[in-house]
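Protein chains in written order, with our numbering: chain A, 5 to 623; chain B, 29 to 376. Glycine is no exception: its CB is placed at the ideal position from the N, C-alpha and C atoms.
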Amino acid sequence: MRKLLLFLVFCQVFANAQKQSTIFIETESFENKGGWVVDQQFMDVMGSSFLMAHGMGIPVEDASTRISFQKKGTYHIYVRTRNWSSQWSDAEGAGQFQLALDGKILAKVYGKDQANWAWTDGGEVEISKKEVTLSLKDLTGFNGRCDAIIFTTDPSFKPIEDTKKLSEFRNDYFGFDEHPRDAGEFDFVIIGGGMAGTCAAISAARNGVKVALIQNRPLLGGNNSSEVRVHLGGRINLEPYPALGNLVNEIGPDEGGNAQPKSYYEDDKKLDAVLNEPNISLFLNHHANKVETENGTIKKVYATNIETGEKINFIAPLFADCTGDGTIGRLAGAEYMTGRESKSVYNEPTAPEVGDKLTMGASVQWFSEKKETAVTFPEIKWGMDWNEAKSEEITKGDWEWETGMGLDMTLDFEQIRDYGMLAVYSNWSYLKNKSLNKAKFANESLRWVAYIAGKRESNRLKGDYVLIEQDLTERRVYPDGTAPTSWTIDLHYPDPENSKLFPGAAFKSIAKHIKIYPYPIPFRCLYSKNISNLMMAGRDISVSHVALGTVRLMRTCGMMGEVLGMAASVCKKENINPRGLYQRHFDQLEALMAVGVGNQDIPNTQDYNKGGTLMEIKN
Amino acid sequence: MRLISLCLLSLSFLSSDHPEKEDFVVAMENGGDFKVFAIKDSDGLIDNYRANIAAAVCEDRICYDVNLIFSWNLIGEFIDFEVLSREPLTKLDHVPFSPKDYQKLHSILRNQDLSFVRIPAEELVVKPEEPKLDGYSGATKETVKKEVIEGALYTCYTLWHIANGLVVDSIKSHTAATLKNKAMVTKIIHQKSQTHHYFLINHLSQKGYNENIVALLSLMSESKGYFSKNAFEKIPESLFESKLVQDYVIADYAELDYYTQKAILNKLEKVKHGPELSQFLLKQISLENTFQNQKLIALVLRHKERETFLKLVASLKINSIPISHENLKEIQKINKAYQINISELAKF
Numbered sequence: 005m006r007k008l009l010l011f012l013v014f015c016q017v018f019a020n021a022q023k024q025s026t027i028f029i030e031t032e033s034f035e036n037k038g039g040w041v042v043d044q045q046f047m048d049v050m051g052s053s054f055l056m057a058h059g060m061g062i063p064v065e066d067a068s069t070r071i072s073f074q075k076k077g078t079y080h081i082y083v084r085t086r087n088w089s090s091q092w093s094d095a096e097g098a099g100q101f102q103l104a105l106d107g108k109i110l111a112k113v114y115g116k117d118q119a120n121w122a123w124t125d126g127g128e129v130e131i132s133k134k135e136v137t138l139s140l141k142d143l144t145g146f147n148g149r150c151d152a153i154i155f156t157t158d159p160s161f162k163p164i165e166d167t168k169k170l171s172e173f174r175n176d177y178f179g180f181d182e183h184p185r186d187a188g189e190f191d192f193v194i195i196g197g198g199m200a201g202t203c204a205a206i207s208a209a210r211n212g213v214k215v216a217l218i219q220n221r222p223l224l225g226g227n228n229s230s231e232v233r234v235h236l237g238g239r240i241n242l243e244p245y246p247a248l249g250n251l252v253n254e255i256g257p258d259e260g261g262n263a264q265p266k267s268y269y270e271d272d273k274k275l276d277a278v279l280n281e282p283n284i285s286l287f288l289n290h291h292a293n294k295v296e297t298e299n300g301t302i303k304k305v306y307a308t309n310i311e312t313g314e315k316i317n318f319i320a321p322l323f324a325d326c327t328g329d330g331t332i333g334r335l336a337g338a339e340y341m342t343g344r345e346s347k348s349v350y351n352e353p354t355a356p357e358v359g360d361k362l363t364m365g366a367s368v369q370w371f372s373e374k375k376e377t378a379v380t381f382p383e384i385k386w387g388m389d390w391n392e393a394k395s396e397e398i399t400k401g402d403w404e405w406e407t408g409m410g411l412d413m414t415l416d417f418e419q420i421r422d423y424g425m426l427a428v429y430s431n432w433s434y435l436k437n438k439s440l441n442k443a444k445f446a447n448e449s450l451r452w453v454a455y456i457a458g459k460r461e462s463n464r465l466k467g468d469y470v471l472i473e474q475d476l477t478e479r480r481v482y483p484d485g486t487a488p489t490s491w492t493i494d495l496h497y498p499d500p501e502n503s504k505l506f507p508g509a510a511f512k513s514i515a516k517h518i519k520i521y522p523y524p525i526p527f528r529c530l531y532s533k534n535i536s537n538l539m540m541a542g543r544d545i546s547v548s549h550v551a552l553g554t555v556r557l558m559r560t561c562g563m564m565g566e567v568l569g570m571a572a573s574v575c576k577k578e579n580i581n582p583r584g585l586y587q588r589h590f591d592q593l594e595a596l597m598a599v600g601v602g603n604q605d606i607p608n609t610q611d612y613n614k615g616g617t618l619m620e621i622k623n
Numbered sequence: 029m030r031l032i033s034l035c036l037l038s039l040s041f042l043s044s045d046h047p048e049k050e051d052f053v054v055a056m057e058n059g060g061d062f063k064v065f066a067i068k069d070s071d072g073l074i075d076n077y078r079a080n081i082a083a084a085v086c087e088d089r090i091c092y093d094v095n096l097i098f099s100w101n102l103i104g105e106f107i108d109f110e111v112l113s114r115e116p117l118t119k120l121d122h123v124p125f126s127p128k129d130y131q132k133l134h135s136i137l138r139n140q141d142l143s144f145v146r147i148p149a150e151e152l153v154v155k156p157e158e159p160k161l162d163g164y165s166g167a168t169k170e171t172v173k174k175e176v177i178e179g180a181l182y183t184c185y186t187l188w189h190i191a192n193g194l195v196v197d198s199i200k201s202h203t204a205a206t207l208k209n210k211a212m213v214t215k216i217i218h219q220k221s222q223t224h225h226y227f228l229i230n231h232l233s234q235k236g237y238n239e240n241i242v243a244l245l246s247l248m249s250e251s252k253g254y255f256s257k258n259a260f261e262k263i264p265e266s267l268f269e270s271k272l273v274q275d276y277v278i279a280d281y282a283e284l285d286y287y288t289q290k291a292i293l294n295k296l297e298k299v300k301h302g303p304e305l306s307q308f309l310l311k312q313i314s315l316e317n318t319f320q321n322q323k324l325i326a327l328v329l330r331h332k333e334r335e336t337f338l339k340l341v342a343s344l345k346i347n348s349i350p351i352s353h354e355n356l357k358e359i360q361k362i363n364k365a366y367q368i369n370i371s372e373l374a375k376f
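Printed below as a string of structure tokens:
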């Protein structure tokens, strides 16, 4: 009731505002994004995707769009932004920008006020034309960010700060919730276009299943895309189903290496493979963020276009959560696990005595390139305190530039990503301007810093079985084995040396490894315990924190996807859910796994980053 | 010290101990060849293979000859190399290899998981846009750098391809040809490496399986991983009809892992089996064994005698074991002769 009243009040406020002429502009919908990038990673927390000036120290090109005013006159401007660096520094904000109207720059500088997402008062402006070009002018090149802009003639107008209410207002303003578009009916809807989701989609499609693949970035590949640049790892083509992995080989990059130039990650290879499948409908730039369930079964999944804000819905008898975060499972009410289980839970030798929320972190990788002549980099005031002892005299930050352990990988993720960038910029600024060895870095230019951080762990959805350490180390192989995991149990912890220099705020990690024999992951780990039509592949499957250490490698995730696609075809044929498949028709899945789904006639290029193993190689 | 003793060993290998003709010759990818000798043990069985390698290696336009002795095991896995003391390996600018470099080279030559060896030689370095006047020909790729000895990229590359190239298949073929000799098979069975055992099951002839089946079954019982599954898949079907193998199944089935059990059931589908095995398979049908039940039921149904059939139906009823459509059809077909009540059988 209270909600309804509030809603009516808002309607009234905005109805008045409409009369008075209020214009709401989403920056991610700008026609010309210039050098600004669309960042959707935190939209479930702060309410929207936004534009960000990721210039690595060099101001990016303007973003611009045409806007129409109903009437000329004096407008008050509000800009939803934040000063992202202020949580670590009192110095002036890192990411600053201004607005321009028809090329005329307005005085107010944004990105230097409040720490959290909120509306900054931009003062008044005289609008003398009905059609105007609005531009975002980056001033620093250091990740200034702008979510939305309001122009209003209503003197009583107060922009909404509450994220949920603001989302309701946006949907109401643009009419998105009234008529979400029906994307069509599918046999199988896969959310998440990383290696797991991409392989699941192709595998299902090739087995005669009509698939929708939803991915919240413009690219496929997830952590292996050129946005994150982590190379594939783990082994394919192993017992007991050596044909699993042929698809990973088909779409996987030929060359390995973390934080390498963009071409290494062969984004087009993955995209083309999906586009070549007539049974797949691909929805790039769509973030799934709402689920309708009935009696423990998912009926509909809704997704928002990260640029236009438009909503669409998907109906299917079967869904797969390949989001990595278990987003769909959580929205549907699936049981899930987060953090480290204590020893008492599964009696795992590597588990801590007391459980906690510690997860592995997210990597913000980077590299520089050598130029013919000297290159400058700003001496930043808002960076972390740095000195010779802290200085990392390197030109590439690999996987170990990892942050966020102990924080929430969904709720705190903007802070986690930003801290990763802050560490990179702080070190680089010191190397370029103050280091005793700065001459060595004179010609080095920061070429690439990830703004899409590479997550290792967040939520794990509970299945009919939870894979644990002893299954792997004692080789407790179950009859429902599927994709083999072969990487070591590779768990990351804050780097003790880095922790000494940055107490409680390490941005580097170490890895501890326990070698295993390749182990087939039970099918019961690949579907939800309590959501009857939900499967999962990737890092959000049903494993303990310790067991996640091995299954999270992307070739393994890809093979889980291959299995999911095959399972979807059996579910479709027999009109059953995944548990029914396990109980009555597993032999059909076995037969499909034996045959495989990838092209077996192409050379195996997946020779890099296979990882240590106890396995002896066949001869 | 090591170099001197190696030098003596090498000379003796090259001259006095092996005056006889080589066993086979292997061509090198960049031209030239080398002779491979099979070295025998005191029983006259091959123990390993050796070859004197003389090849030209170029590091950044400076070329020199390397002269080494390589050795491989029975299945073509590189074991070790020996260096002539008068001809030590060198890196760029003629810097001799350090003991650490030799150690690293040894681990490189034995490693099958290296990325740089899969890259064409001309792509190992990042070429500069324009050739520089000082002769600088490009930087080693980052991913490659981690795997090789600094200043000896092409030495590592060339020697790895010699050690792990065409010679491997030649050695395998040569050893495979000796598997007619039962003593050689026994020697390989006694090796502690599973890769040798995989080599054996991949290269034994039908006759070889017949002659060595007892030892092979024993090896399977003791093996780890998926070896027993693969071995059962390789055993000729005709052998599955023998009492020896069927008795082994009855005795050891319960101890075998799921995948080996499945491989056995798949083989049994293709051969005749005796009543004892049929009785045994019937006992394996249980509610806990949902994945294998239908295969087991199908196998038992191949024996259409009344007693077996009645026992099967009774077991299915008592345990409420669901039956697949195909098996139910077969039960109905057989039951035309016996006319017992099968209406209570559970269906999928």
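Discussion item. With a threshold of 8 Å between beta-carbons, can S135 of chain B be considered close to chain A, or not?
Written reply: no
Item to complete: Would you mind telling me which residues of chain A sit closer than 9 Å to F319 of chain B, beta carbon to beta carbon, in chain order?
Response: P483, D484, F590, D591 and E594
Discussion item. Please tell me whether A66 of chain B has its Cβ less than 8 Å away from any Cβ of chain A.
Written reply: no
Worksheet entry | Contact belief for G59 of chain A with D142 of chain A at Cβ below 8 Å, rounded distance in angstroms | 6 Å
Discussion item. Among A:K519, A:C326, A:N391 and A:M413, whose alpha-carbon lies nearest the alpha-carbon of Y543 of chain A?
Written reply: Going by the sequence as given, residue 543 of chain A is Arg instead of Tyr. Measuring from the Cα of R543 of chain A, the nearest candidate turns out to be A:C326.
Worksheet item: When we look at the beta-carbon of L161 of chain B and count the other beta-carbons within 10 Å, is it buried (16 or more) or exposed?
Response: Note that L161 of chain B has pLDDT 39, beneath the 50 cutoff, so the model's placement of it is unreliable and the number below is only indicative. So L161 of chain B counts as exposed.
Worksheet item: In the DSSP assignment, what residue or residues form a beta bridge with E35 of chain A?
Response: Answer is none; E35 of chain A lacks a bridge partner.
Worksheet item: What residue does the beta strand (DSSP E) around N95 of chain B start on, and which one ends it?
Response: I90 to W100
Worksheet item: Skipping 5 residues on each side, what residues in its chain have a beta carbon closer than 6 Å to that of E65 of chain A?
Response: G38 and G39
Discussion item. Applying the 10 Å Cβ sphere with the 16-neighbour rule, what's the burial state of C184 of chain B?
Written reply: buried
Worksheet item: Among the residues of its own chain, which have a CB less than 7 Å from the CB of M374 of chain B, if the five just before and after it don't count?
Response: For clarity, residue 374 of chain B is Ala in the given sequence; the question names Met instead. Counting only Cβ-Cβ distances below 7 Å, and skipping sequence neighbours, we find S348, I349, P350 and I351.
Practice prompt. Starting from the beta carbon of Q587 of chain A, find every residue of chain B whose beta carbon is closer than 8 Å, and list them in chain order.
Written response: T318
Practice prompt. Quick one: grab the DSSP three-state call for A628 of chain A.
Written response: Lying outside 5 to 623, the shown extent of chain A, residue 628 of chain A is not represented and no answer is given.
Fill in: Option nearest A385 of chain B by Cα separation, candidates B:W188, B:L133 and B:S266
No answer is possible for residue 385 of chain B: it lies beyond the span of chain B, which begins at 29 and ends at 376.
Worksheet item: Would you say P184 of chain A faces chain B, with C-beta separation under 8 Å as the test?
Response: no
Item to complete: Kindly list the residues whose CB is nearer than 7 Å to the CB of G616 of chain A, restricted to its own chain and excluding five residues on each side of it in sequence; keep chain order.
Response: T492, H517 and K519
Worksheet item: Helix, strand or coil for D125 of chain A per DSSP?
Response: strand
Discussion item. Does the distance between the C-beta of D66 of chain A and the nearest non-hydrogen atom of the ligand NAP fall short of 7 Å?
Written reply: The ligand NAP is not part of the structure shown, which contains no ligands of any sort.
Worksheet item: Are the C-beta atoms of G253 of chain B and some chain A residue less than 8 Å apart?
Response: yes
Discussion item. Quick test of your reading: K459 of chain A and M413 of chain A, contact by CB under 8 Å. State the CB separation rounded to the nearest angstrom.
Written reply: 6 Å
Discussion item. Please confirm whether Y340 of chain A has its beta-carbon closer than 8 Å to some beta-carbon of chain B.
Written reply: no
Worksheet item: Given a threshold of 16 other Cβ atoms within 10 Å of its Cβ, counted over all protein chains shown, does P498 of chain A qualify as buried or as exposed?
Response: buried
Item to complete: Flag this pair as yes or no: are the beta carbons of V215 of chain A and D176 of chain A separated by less than 8 Å?
Response: no
Practice prompt. Closer than 7 Å by C-beta to G60 of chain B: which residues in its own chain qualify, once you throw out the five before and the five after it? Chain order, please.
Written response: A83
Worksheet entry | Residues within the stretch 221 to 245 of chain B neighbouring chain A, beta-carbon criterion of under 8 Å | S221, Q222, T223, H224, Y226, F227 and N230
Fill in: Coil, strand or helix - Y523 of chain A by DSSP
strand
Worksheet entry | Beta-bridge partners of F125 of chain B, as assigned by DSSP | Answer is none; F125 of chain B lacks a bridge partner.
Worksheet item: So I319 of chain A and A307 of chain A are in contact, right, with Cβ under 8 Å, and what is the actual spacing, rounded?
Response: That pair is no contact at about 12 Å.
Practice prompt. Work out the CA separation of G249 of chain A and L207 of chain B for me, nearest whole Å.
Written response: 33 Å
Practice prompt. Quick one: measure Cβ to Cβ for P582 of chain A and Y531 of chain A, integer angstroms, because I've assumed they're closer than 8 Å.
Written response: 4 Å
Worksheet item: Should R559 of chain A and G238 of chain A be called a contact, given that it needs their Cβ atoms to be closer than 8 Å?
Response: yes
Discussion item. Could you compute how far the alpha carbon of P500 of chain A sits from the alpha carbon of T69 of chain A?
Written reply: 48 Å
Discussion item. Which residue wins for smallest C-alpha separation from S379 of chain B, given the options B:K357, B:R138, B:L247 and B:K257?
Written reply: Residue coverage of chain B in this structure runs from 29 to 376, which leaves residue 379 of chain B outside it and unanswerable.
Worksheet item: What first and last residue would you give for the alpha helix (DSSP H) that runs through L275 of chain A?
Response: D271 to L279
Discussion item. Under 8 Å, Cβ to Cβ, is there at least one residue of chain B near Y521 of chain A?
Written reply: yes
Worksheet entry | Proximity to S143 of chain B [Cα-Cα], best of A:L618, A:E620 and A:T609 | A:T609
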